[in-house]
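Have a look at the structure below, then the notes.
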């Protein structure tokens with residue numbers, strides 16, 4: 002009896018030292034605190050220790066799962082304060098101001114409205130001067146489309162924050178409020194939002210895609226996308242509420258545009274992009290327009306649709322500052338710019354000093370890059386933007402010869418291949434115009450005939466400088482991670498070239514490194 006009692010008390014404490022297999026709370030659990038000095042006192046340590054025990058106590062997950070199951074299936078309520086259980090299995094998100102806005106507890110904010118109107122006018126006018134179309138796309142929160150699925154005791158307000166914002170933005174032709182579109186088509190032929198997720202499904206995204214492209218006077222081919230039931234998996238609100246339920250997506254087929262491939266996008270020069278969650282690009286041959294899209298998580302389901310309307314689409318997962326907005330437009334030179342935001346994130350005011358950002362970009366004192374570095378970037382980046390190809394000993398961009406490939410097999414340097422790192426492959430080596438003892442500015446990677454990737458050159462390689470007895474050859478090193486999805490989106494031999502201005506030399510693989518890279522689907 003004593004042993005059983007000790008085991009019952011002691012076993013849960015063993016769980017303190019094991020990382021939970023899954024974290025339904027979607028937050029970082031408390032770690033064991035560092036020991037404090039006597040001068041710091043014991044209280045900070047004991048508070049952190051208590052948080053550690055509370056988060057990691059043995060069988061905690063099992064008990065929380067049981068509580069959630071009883072709450073949801075026994076009483077029809079959510080065990081998580083982040084989730085509201087509605088009718089017919091619908092779940093709704095409460096955080097990021099969603100619940101207070103829904104209940105009418107968010108007062109009208111004229112300063113916020115003024116900021117949105119000012120930002121939209123400034124950005125639309127600047128882009129129009131450059132012949133670029135601009136759209137601000139507002140995605141409705143799920144409860145704005147499916148109010149009838151909210152719990153009976155919850156009484157939503159007649160007006161929300163977005164209603165007040167749209168009173169100022171309604172006259173702006175660049176703004177697309179998707180609420181009316183999504184509400185009108187909310188049940189045909191299926192629901193447009195997941196019942197157990199904060200997001201729309203792919204069918205909802207396709208409705209938004211049609212509306213966006215129509216606003217741009219861009220055709221959307223009927224029947225271009227077929228819809229099918231996708232695999233079922235737990236969705237975010239179900240995970241938060243611990244209901245253990247799964248839900249399938251309504252997935253679009255790619256149809257005749259399956260040739261779309263992932264592409265490269267470089268961060269803009271002279272700007273910290275730490276606040277950008279992700280940058281990516283897609284290329285779809287046969288189209289003419291190009292798009293730059295700033296977005297949130299709702300773009301994930303929209304991407305398979307919207308990328309097919311453009312030759313090149315660049316995605317930046319962020320709410321862009323004026324500086325990022327200006328520099329990305331200057332770099333990408335798109336024909337369309339889209340800012341997509343879900344309704345609840347309209348509470349974050351946009352930048353309202355576009356003129357200042359343009360001044361900082363133009364000023365030698367504040368732009369944080371040199372004229373030479375900008376010229377080198379633009380010189381090489383047009384190969385990525387324009388989908389350049391290699392034809393014989395020429396690099397061709399937009400049908401015109403961009404440069405001749407000259408020199409011997411190692412006149413551009415050497416490259417080796419390192420280990421895989423999270424879906425990327427390390428490439429490293431040095432690159433130069435060896436006959437001229439001059440460092441390269443960039444390297445480019447090709448597969449088959451396609452130019453697929455570029456990376457800068459400039460890290461120290463003292464061994465190279467010593468070998469050639471040329472101090473200028475020291476800054477010839479490079480090392481970068483090549484995304485495997487970009488590499489494997491093309492077929493054919495993999496080659497690398499050193500580039501300085503319009504001089505292009507071949508880079509020699511070490512021990513057949515690029516041949517192994519081309520054969521590998523690792």
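In the numbering used here, the protein residues as written are 2 to 523. All C-beta atoms, glycine included, are put in the ideal place defined by N, C-alpha and C. Here the structure is a predicted model, which means the values were calculated and not measured.
Within the stretch 101-135, no run of beta strand (DSSP E) reaches 3 residues while sitting entirely inside it. Bridge pairing for residue 482: 427 [DSSP]. With respect to the 8 Å criterion, residue 230 and residue 375 are not classified as neighbours on the basis of their beta carbons.
Residue environment for residue 181: exposed (fewer than 16 other C-beta atoms within 10 angstroms of its C-beta).
Scanning 344, 282, 324, 200 for the CA closest to the CA of residue 178 turns up 344.
Nearest Cα to residue 485 within the set 476, 495, 477: 495.
In the three-state reduction of the DSSP assignment, residue 208 falls in the helix class. Short of 7 Å from the beta carbon of residue 389, and not among the five residues preceding or following it, lie these beta carbons of its own chain, in chain order: 396, 397, 398, 403, 452.
Taking the CA atoms as reference points, residue 483 sits about 8 Å from residue 454. In the structure shown, the three-state DSSP call for residue 437 is helix. Cβ atoms of residue 299 and residue 201 come within 8 Å of each other, at about 7 Å. Residue 458 sits in coil when the DSSP states are folded into three classes, being neither helix nor strand. Around the CB of residue 506, 16 or more other CB atoms lie within 10 Å, so the residue is classed as buried. The shortest C-alpha to C-alpha distance from residue 260 to any of 448, 167, 249, 284 is the one to 284.
Under the 10 Å beta carbon count, residue 207 is surrounded by 16 or more other beta carbons and is classified as buried. Taking all protein chains shown into account, residue 189 has fewer than 16 neighbouring C-beta atoms within 10 Å of its C-beta and is therefore exposed. According to the DSSP secondary-structure assignment, residue 264 is paired through a beta bridge with 282. Under the 8 Å Cβ criterion, the stretch 138-151 does not count as touching the stretch 107-124, having fewer than three qualifying pairs. Remark: fewer than three beta-carbon pairs, one from each stretch, lie closer than 8 Å, so the stretch 309-318 and the stretch 111-118 are not flagged as touching. The beta carbon of residue 97 sits closer than 6 Å to the beta carbons of 345 from its chain, once the five residues preceding and following it are set aside; these are given in chain order. A direct Cα-to-Cα measurement between residue 99 and residue 163 gives close to 11 Å. Annotation note: the stretch 127-180 contains the following uninterrupted alpha helix (DSSP H) runs of length 4 or greater, listed N- to C-terminal: 143-146, 162-170.
Contact annotation, residue 84 with residue 238: C-beta distance approximately 5 Å; criterion of less than 8 Å satisfied. Counting the other CB atoms within 10 Å of its CB gives residue 359 a total of 16 or more, which places it among the buried residues. In this chain, the beta strand (DSSP E) harbouring residue 501 covers 495-501. For residue 333, the enclosing alpha helix (DSSP H) starts and ends at 323-333.
Residue 504: not part of any alpha helix (DSSP H); member of the beta strand (DSSP E) spanning 504-507, first to last residue. Judged by beta-carbon spacing, residue 488 lies within the 8 Å limit of residue 448, meaning their Cβ atoms are closer than that value.
Counting only the Cα atoms, residue 134 lies some 6 Å from residue 336.
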